[in-house]
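First up is the structure itself, then whatever we jot down about it.
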Amino acid sequence: MLILALLQLAATAAPTVAPIPAATVVEYLLPRPKAFPHDPAVGRDGIVWYTDQANSYIGRLDPATGQVTDYPTPTQASGPHGIVVAPDGGVWYTGNFKGRLGRLDPATGAIKEYVLPAAARDPHTPLYWGGKIWFTSQGADLYGALDPATGQAQLFPVPTPGARPYGLVGGGPDGSIWMALFGTNKIGRIHPADGTLKEFTLPDAAARPRRLVVDAKGIVWYSDYARGQLGRLDPATGQVRDFPCPGGSGSQPYGIAIGTDGRIWYNESGKNEIVAFDPATEHTETVAIPTAGAVVRNMAVDSSRARLWLALSGTQRLGRIDLVPQR
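So for the sequence shown, our numbering puts the first residue at 49; every next one is plus one.
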């Protein structure tokens, strides 16, 4: 296990952008050659789980010791994509290439897989919400919910053709589920009780929301991958605001999270940077990812330890940023 602790400050020409003071990016080199971490998730115990989509493993990193354990998925070449840790500690993932959902028991390492209906051929992002595992199916233009108690999944079509449902998150005062419709300029709100969907159309037809988060006030923040913008949607009023990424229109923002410091964190795939945006001041700061060529497809926040975890796809690494409270 090689751990690299590096401090890098990324300059930008935009006057409202500054390097993140004393931000340290810690990288964990995964021991298995050609490991391809796609999405991370963090358990209450601080253990980091991640999907290795290219090699069909679920990985486990103990940050305290640096120990990494690999668990092969029962279905070969299943392409595990998204991952989430349920309240009971069970680790759920989507088998993107084979129409599977899987649950890994952290105590034993045993994996149980659920075969989804044929229509849900490419399950994408999972979400534990209300006792069910919700998921998007990008290529099939579907979203669905699996009941672990029965093993049955209910599927819901997205009304807009070519919607490509992608990112999925729950939260806000009303407990809704929010979905990024990556093939369109729309964001969807799912009512968990019956699965019904309301679509919010973003004002720019070129917008392409990819991942999203919801803050405590119910505001939806999203990465607009196509236009290089951080977006803000107020569902109560329908108002949408854009905040240009420091890297410009080609920055390709992707993974996004709300840190324990209250800031919106996201990456710029085109710039190999991590960005922190303060909603209160609208001030933006950046830090470079030390290893070149990293694509952060998703992020995970460890709220108990004030850490932000990154899957650095394409580099055989995971990354960690220690979050500092804002003054």
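Note that beta-carbon positions come from the ideal geometry of N, C-alpha and C, so glycine has one too.
- Residue pairing by DSSP places Y273 in no beta bridge whatsoever.
- Around the beta carbon of H129, 16 or more other beta carbons lie within 10 angstroms, which makes this residue buried.
- By the criterion of at least three beta-carbon pairs nearer than 8 Å, the region 355-363 is not in contact with the region 292-299.
- In the displayed model, A359 falls within a strand according to three-state DSSP.
- Taking a contact to require three or more Cβ pairs closer than 8 Å, the region 275-284 and the region 335-346 do not qualify as touching.
- With a 10 Å radius around the Cβ and a threshold of 16 neighbouring Cβ atoms, T142 comes out buried.
- Exposure of K265 is indicated by the presence of fewer than 16 other C-beta atoms within 10 angstroms of its C-beta.
- For the region 289-341, the full-length beta strand (DSSP E) segments reaching 3 residues or more read 301-306, 312-316, 321-326, 331-336 along the chain.
- Straight through space, the alpha carbons of R258 and V206 are spaced by roughly 16 Å.
- Non-local C-beta neighbours of K246 in its own chain, meaning closer than 6 Å and more than five positions away in sequence, comprise R237, ordered along the chain.
- With fewer than 16 other CB atoms across the displayed protein chains lying within 10 angstroms of its CB, G199 is exposed.
- For V133, the closest of A348, L360, L371 by C-alpha to C-alpha distance is A348.
- When DSSP states are grouped into helix, strand and coil, V163 belongs to the strand group.
- Residue environment analysis places R80 among the exposed positions, since fewer than 16 neighbouring C-beta atoms fall within 10 angstroms of its C-beta.
- Within 10 angstroms of the beta-carbon of S299 lie 16 or more other beta-carbons, which makes it buried.
- Under the three-pair Cβ rule at 8 Å, the region 171-180 does not count as touching the region 153-163.
- The continuous stretches of beta strand (DSSP E) do not include D93, and DSSP gives it neither H nor E.
- When the beta-carbon positions are compared, L260 and A211 stay at least 7 Å from each other.
- Classified as buried, P213 has 16 or more neighbouring CB atoms from the shown chains inside 10 Å of its CB.
- According to DSSP, residue pairing for S104 in a beta bridge does not occur.
- Across the structure, D136 and D195 are spaced so that their CA atoms are roughly 15 Å apart.
- Of the residues assessed, A342 falls on the buried side of the cut-off, its CB having 16 or more other CB atoms within 10 angstroms.
- Listed in chain order, the non-local C-beta contacts of P122 below 6 Å within the same chain comprise I159, E161, local neighbours out to five positions each way being set aside.
- I95 and A125 have their alpha carbons spaced roughly 25 Å apart.
- Straight-line spacing of the CA atoms in A167 and V90 works out to 30 Å.
- The shortest C-alpha to C-alpha distance from L152 to any of Y119, K180, A201, I369 is the one to Y119.
- In this model, Q202 and I322 are separated by some 37 Å (Cα to Cα).
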